[in-house]
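**Q** Protein sequence lines, in the order shown, are assigned to chains W and B. Residue 124 in the UniProt record's numbering sits at position 124 of the first sequence, and the numbers go up by one each step. Residue 701 in the UniProt record's numbering sits at position 701 of the second sequence, and the numbers go up by one each step. Take a look at the following structure, please.
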Amino acid sequence: MPTYALEINGTPRTVTAEADIPLLSILRQDLGLSGPRFGCGAGACGACRVLVGTESVAACDTPLWAVAGKAVTTVEGLGSEEDPHPLQRAFLKHQAMQCGYCVSGILISAAALLRRVARPSEAEIRAALDRNLCRCGAHNRMVRAILAASAEMAP
Amino acid sequence: MTDAPAAPPLPKSLAANPLLSQWVRIGAEGRIDILPGKVEIGQGIATALLKMAAEALEVDPARIRMVRPATGDSPDEGVTSGSQSIQDCGRALRHVCAEVRDLFRAEAALRLGADAGALGLEDGTFVGPGNARLSYWELEDAVSLERAATAGVRPVRRTGLDLARIDLADKVFGRPRFIHDMRPEGMLHGRVVLPPRTGSSPRRDQDLAALAGPGVQLVADGAFIGLLSDDERSVDQAAARLREKLGWEGGTPLPDEATLGDWLRAQPVAPVVEQRGGPAEPAVQTLARSFLKPFIAHGSMAPSCALALWSPDEAEILRVWTHSQGIYNLRADLSVVFGLPPERIRVEHVEGAGCYGHNPADDVALDAALLARAAPGRVVRAQMSRDEELGGGPFAPAMRVDVEADLDASGRLCGWRHTIWSNGHSMRPGRSKASTLRAAAHVSGGAPWPIAINMPASNGGGADRNSMPLYDIPAACVTNNRLTVMPIRTSAMRALGAFANVFAIESMMDEAALAVGEDAVAFRLRHLSDDRARAVILEAARLGRWREAPRADGEGQGFAFARYKNTGAYCAVVADVACTDEVRVNRLLVVVDVGEVISHDGVVNQVEGGAIQATSWALKEAVHFSPEGILSRSWEDYPILRFSEVPAVAVHVLDRPDAPPMGAGEASQGPTGAAIANAVHDALGMRMTRFPLTRDTLIEAMELGQ
């Protein structure tokens, strides 16, 4: 089996696995992360989204070979309780979820958007999150939290 | 001498689990454990219950640890469903914690030589004359909680604060919290391949092990086809091979989706009739409509998951970790399937994603247990796929509702007949002699599932939930025809029958108002004497700017109201929609009265989430099927509302601090769906009688109208 070097949340890691194994499987099983979540396995729900470079991608349908040598950021890498990303802080402040299973993928999609557009409109936020599903109906709270975070990051 | 007024009876959950120690444990080091019997399903209940306990004990909430429910350790509160957790668990905890507080207060008074009434209480520490202090934790040895709760009213301080949810930090930082994140050392991965129809079995001419391929252990028993491996990727690949190649035969064909309403009407049924008032007055006009709601999927974001450990030589032969809504109910069914006494089985709750009712959480727990029995001593983790989660059921049953509404010469409703055809809304475990769990009917010799039932009306009912109009109508009759065949497995989903029944009732109220030329809100108020209902409706009309402005072409505004279960939360909704070839909901204004508000933010979140989910049901959702099986097995085939389609939602809560607190999670679904349908009528002049309101439904309504 081939060995791949990649950077996970700022730390260089090597993984030995078949080239077409989904990145999500590598992250959860081989590297022990829990932030990227299994939701559909078909890139259709967004629960597993991670940043590859600055792009939000579905880890469940991204093969390992496609991220060789690249920087992958999961929700764990966005920030921590001690040093939270403004988005994480805003989601807590606005209590912007119910069950929270979708939230790590949504934070990743929002982080990718804010790197691209510092002060997105509400419509831009909704468009950027359209590939992330939320079943609990916490959408509007999340949009408000993202607007608040963007205002804090780019006053 | 006067008789003291009789103390109110103990809260229901407390009467069933009367020992104080079943609910609260005072630790020696300033910690308090609270043991709820209701489980966290993403609704924030653990935080609301923590707040109620902290208020009654008068301690800093940070001292309290909420213990995850487990059989044997936690009170048996049945199922976490029906918006009952605040009513049942919350009231029990408030009662217990206030009684515990007073027991400690009496002990502290004795030791401090002070009058109990004169003691202050600051964060768990009693303060007496001369600033003498004694805390719960110092007195913990002296006060036994191994005693039954006693009836009585004990005042509880209310803080009015909204506590931040205790579970959210783990979720935004991606820390392990969900059952899906459990990875005990030496764990095996399990998968189950499901039959396509009830009663199907694998064709006999196949070599299952060969089809599964190398590197996995096959666990086959009748129509139960399971796989085990210590490598998750191997077991996933083997399951994919089996799903593709395994041939099935036999089984009950599913109905034809295109004629679902006729099919429901033609099935054998067990009817229940509820008549209110006398025979209908002579009517000058009778309005009649037939409404249809399709099968709907719970659509949890997380495919269901469970862990199990089979240890034949231990006292607890079977241990199960589950995101089930009812750990004792699940244990009862596992006991039936394995022939083990319940005390030899331990079921622990671990959080899953939102379930919105009886989804496959319980089914996958049996899968895990069956697989674990084939690998004693190893923890087995069973994980479902998205395909199975959406396509495997149980589903919210399809409902046909025919309504006839009579108007008298004065334009008043004088008679109402509401007839339902639907499968039962409950096949939860723990309620029948035979197991309702999926694999119970699949293993060799397994008994067929009991056909889904409706809980009695006193427990909230099922298909009949919210079928009896709350309006003042002299004669009303509800006939609830429960199907006694079940080719598609059905069970409870949020709001149960209320979604279809409120859709039907509130559409007919609109029709009746139109028929007498009256405003829809005024017409409702003229038929309502319940003051809390009137208050909610008036406030919604005011805040929603009901019919204050003319609507542009293709735009419409609709109104609907219901009191959940006719005994729970009141809710009124104003919906604003825009119709092109599709329906877009622009805005929902929701007013609720849930009695005393425990967590304002929690109520708003639940009501808003319910309204958005109901918008998704109303606009987009239907389980698709053919005689061969369920067809909607992915998010492409079963679309739900997306961010760009979600309406603006404003929730206004009428606080009633002196009224008993009621659940909020299922109040808004019925009125939301109905208000959207009424808004489409306002926009297009067409009465919508079928959900979902897709492009196809609009075209069909147009063709029928012409």
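Backbone N, C-alpha and C fix where the C-beta goes; we use that ideal spot for every residue, glycine too. Remember, predicted model here, so these are calculated numbers, not experimental data.
What are the residues that DSSP puts in a beta bridge with B:Q669?
**A** In DSSP, B:Q669 forms no bridge with anything.
**Q** Does any C-beta atom of chain W lie closer than 8 Å to the C-beta of B:M688?
**A** It does not; no Cβ of chain W falls within 8 Å.
**Q** Cα separation between W:K70 and W:V52?
**A** So the two alpha carbons sit approximately 7 Å from each other.
**Q** Apart from the five residues just before and just after B:P657, which ones in its own chain have a Cβ nearer than 6 Å to its Cβ?
**A** So the qualifying residues of the chain are E596.
**Q** Using the Cα positions of B:M1 and B:L525, report the straight-line distance between them to the nearest angstrom.
**A** Confidence in B:M1 is poor, its pLDDT being 44 and thus under 50, which makes the residue's placement unreliable; the coordinate value appears in the next sentence. Their Cα atoms are separated by approximately 47 Å.
**Q** Within a Cβ cutoff of 8 Å, which residues of the same chain sit near B:R642, ignoring the five residues on either side of it in sequence?
**A** Around B:R642: no qualifying Cβ.
**Q** Would you say B:P394 and B:H349 are within 8 Å of each other, going by their C-beta atoms?
**A** Taking 8 Å as the Cβ cut-off, B:P394 and B:H349 do not qualify as a contacting pair.
**Q** Using the beta-carbon of each residue, which ones in chain B are nearer than 8 Å to W:L107?
**A** The answer, in chain order, is V172.
**Q** Measure from the C-beta of B:E388 to each C-beta in chain W and report whether the shortest distance is under 8 Å.
**A** Cβ-Cβ to chain W under 8 Å: no for B:E388.
**Q** Using 8 Å as the threshold, is the C-beta distance between B:W23 and B:P75 below it?
**A** Contact: yes.
**Q** Do three or more CB pairs link the region 71-89 of chain W to the region 162-179 of chain B at distances below 8 Å?
**A** The region 71-89 of chain W is in contact with the region 162-179 of chain B.
**Q** For B:N480, report the span of its beta strand (DSSP E) as first-last.
**A** Where B:N480 is concerned, the enclosing beta strand (DSSP E) stretches over A476 to L483.
**Q** Could you tell me the alpha carbon to alpha carbon distance between W:T152 and W:M97, rounded to whole angstroms?
**A** The residue asked about is misnamed: residue 152 of chain W is Glu in this sequence, not Thr. For W:E152 and W:M97, the distance between alpha carbons rounds to 20 Å.
**Q** Scan the region 35-52 of chain W for residues whose Cβ lies nearer than 8 Å to a Cβ of chain B and list them as they occur along the chain.
**A** Residues G35, P36, R37, F38, G39, C40, G41, A42, A44, C45 and A47.
**Q** Throw me the rounded Cβ distance for the B:D682 and B:Q557 pair, which I believe falls under 8 Å.
**A** The Cβ separation is near 6 Å, so the contact holds.
**Q** Using a Cβ-Cβ cut-off of 8 Å, state whether W:D130 counts as contacting chain B.
**A** Judged by the 8 Å Cβ criterion, W:D130 is in contact with chain B.
**Q** List the residues of chain B that W:Y101 touches, going by C-beta distances under 9 Å, in chain order.
**A** Simply G42, K171, F178, H180, S300, M301, A302, G352, A353 and G354.
**Q** Which one or two residues does DSSP pair with B:P8 in a beta bridge?
**A** BP columns for B:P8 are empty, so no partner.
**Q** Look up residue 707 of chain B in the DSSP assignment and say whether it is helix, strand or coil.
**A** Any question about residue 707 of chain B goes unanswered here, given that chain B covers just 1 to 706.
**Q** Can you name, in chain order, every residue of its own chain whose Cβ lies under 7 Å from the Cβ of B:P255, other than the five neighbours on each side?
**A** Cβ within range, chain order: W263 and P487.
**Q** I want to check one thing, is the minimum distance from the CB of B:D581 to the heavy atoms of the ligand ZN below 7 Å?
**A** Ligands are entirely absent from the displayed structure, and the ligand ZN is therefore not among its contents.
**Q** Put B:W23 into one of helix, strand or coil per three-state DSSP.
**A** Note: B:W23 maps to coil in three-state DSSP.
**Q** According to DSSP, simplified to helix, strand and coil, what is B:F173?
**A** Coil at B:F173, not helix or strand.
**Q** Below 7 Å on C-beta distance, what does W:E81 contact in chain B?
**A** Those are A169 and F173, listed as they occur along chain B.
**Q** Please list the partners that W:L92 has in chain B, where partner means a Cβ-to-Cβ separation under 8 Å.
**A** Those are A164, L168, A169 and V172, listed as they occur along chain B.
**Q** Starting from B:P271, trace the alpha helix (DSSP H) both ways and give me its first and last residue.
**A** Here B:P271 belongs to no alpha helix (DSSP H); instead the beta strand (DSSP E) covers V269 to R276.
**Q** Is B:W617 close to chain W, meaning its C-beta is less than 8 Å from at least one C-beta of that chain?
**A** No, its Cβ sits nowhere closer than 8 Å to a Cβ of chain W.
**Q** Bridge partners for B:R191 per DSSP, in chain order?
**A** DSSP output for B:R191 lists B:L227 as bridge partner(s).
**Q** Starting from B:V192, find everything on chain W with Cβ-Cβ shorter than 7 Å and list it in chain order.
**A** Within chain W, no residue comes near B:V192; the closest Cβ sits about 16 Å away, beyond 7 Å.
**Q** Could you compute how far the alpha carbon of B:C355 sits from the alpha carbon of B:R183?
**A** Taking the straight line from one Cα to the other gives about 22 Å.
**Q** I need the DSSP call for B:I676, collapsed to helix, strand or coil.
**A** Residue state, collapsed to three classes: helix.
**Q** Give the single residue among B:V591, B:T484, B:S200 and B:E628 whose Cα lies nearest to the Cα of B:A533.
**A** For B:A533, the nearest C-alpha among the options comes from B:V591.
**Q** Which of helix, strand or coil does DSSP assign to B:K293?
**A** If DSSP states are grouped into helix, strand and coil, B:K293 belongs with the strands.
**Q** Determine, using beta-carbon pairs with one atom in the region 617-627 of chain B and one in the region 286-298 of chain B, whether at least three such pairs fall under 8 Å.
**A** Because the criterion of three Cβ pairs below 8 Å is met, the region 617-627 of chain B and the region 286-298 of chain B touch.
**Q** Just verifying my parser: in three-state terms, what is the DSSP assignment at B:H418?
**A** In this structure, B:H418 counts as strand in the three-state DSSP scheme.
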